[in-house]
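Take the position in the sequence shown, starting the count at 1, then add 6; the result is the number in our numbering.
What follows is a set of notes on a single structure, which appears directly below.
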Amino acid sequence: AQKTPGFSGADLKNLLNEAAILAARFGKKTIELPDVNEAIERVMLGPERKSKVISEEERNITAYHEAGHALVSHFLPNADPVHKISIISRGRALGYTWNLPERDLVIHSKSKFEDDIAMLLGGREAEILIFNELTTGAQNDLQKASKIARTMVTEYGMSDKLGPLSFNGKDELVFLGKDIAEARNYSEKTAQIIDEEVASIIEKAEKKAKDLVKKYKDTLKAIADALMKDEVLDRDQFEGIILANVSVG
């Protein structure tokens, strides 16, 4: 249940159908927990693509990228705990860091959003720190981070400059059949302030992520090395690496 927050009844039905297919593929007559766990990852992250040919250089970049996500989220008080890290390709992603909330959240705080954005930028900052180079691997992370930051400003009133105002009129206008381009209900000056506030949120989160990967650079390397060796780390293995390296440091 903890692995499937927000799943509807139809989502769970689809999940168990996927688990049944996996169980049948291995000649089982019952669905077992490993089948359900694999089905959850297939539904949420896409099927594994172990046959995808990835160079050692790309595997190494991916390992540091995912290690960056995991390390930053571990040291941020409001980020969800790391459940699993993998550099086995799933769907379109070369690797993934899977964070699971410890409880269902209905209300999200500003500090939670800020830590989530920093976690999303952790992979990019790890790449910059280790390779002094940017890659396209952070594309999806940047899209998610930008979307969260803009929603904070335009919908949740979490901007110091704009205060408790909402600038999202899209739902009403689209419902009335008006063009999506008409949805903006604020001036050019306000639009500029929104852009500035979004950029400020991203910039602060970027600094937070950068400071953490620099401070725990040796731990970052240890996580990446473990991923290069084993490809997958569960929560216990990941936290074991953190404890071993941080206590020494």
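Backbone N, C-alpha and C fix where the C-beta goes; we use that ideal spot for every residue, glycine too.
- Going by alpha carbons, who is nearest to residue 138 out of 67, 88, 221 and 119? 67
- Message: Quick check: the Cα distance between residue 202 and residue 82, rounded to an integer number of angstroms?
- Response: 25 Å
- Item | Where the beta strand (DSSP E) through residue 102 begins and ends | 102-105
- Do you know how far the Cα of residue 35 is from the Cα of residue 180? Note on residue 180: pLDDT 49, under 50, position unreliable in the model; no value is reported.
- Segment limits, alpha helix (DSSP H) that includes residue 51: 39-51
- Message: Can you look up residue 207 in the DSSP assignment and give me helix, strand or coil?
- Response: helix
- Closest by CA to residue 94, which one among 239, 107 and 252? 239
- Query: Excluding five sequence neighbours on each side, which residues of the same chain lie with their C-beta closer than 6 Å to the C-beta of residue 43?
  - Reply: none
- Taking the DSSP output, what are the residues bridged to residue 91? 103 and 239
- Item | Unbroken alpha helix (DSSP H) run spanning residue 15, endpoints | 15-31
- Task: Quick one: grab the DSSP three-state call for residue 109.
- Result: coil
- Message: Between 51, 14 and 216, which has its C-alpha nearest residue 136's C-alpha?
- Response: 216
- Query: Is it true that the CB of residue 96 sits closer than 8 Å to the CB of residue 52?
  - Reply: yes
- Task: Report the residue ranges of all beta strand (DSSP E) runs contained in full by the segment 113-145; include only those spanning at least 3 residues, in chain order.
- Result: none
- Message: Please identify the residue among 116, 60, 55 and 124 whose C-alpha is closest to the C-alpha of residue 209.
- Response: 124
- residue 194 - partner residues in DSSP beta bridges: Paired residues: none, contrary to the question.
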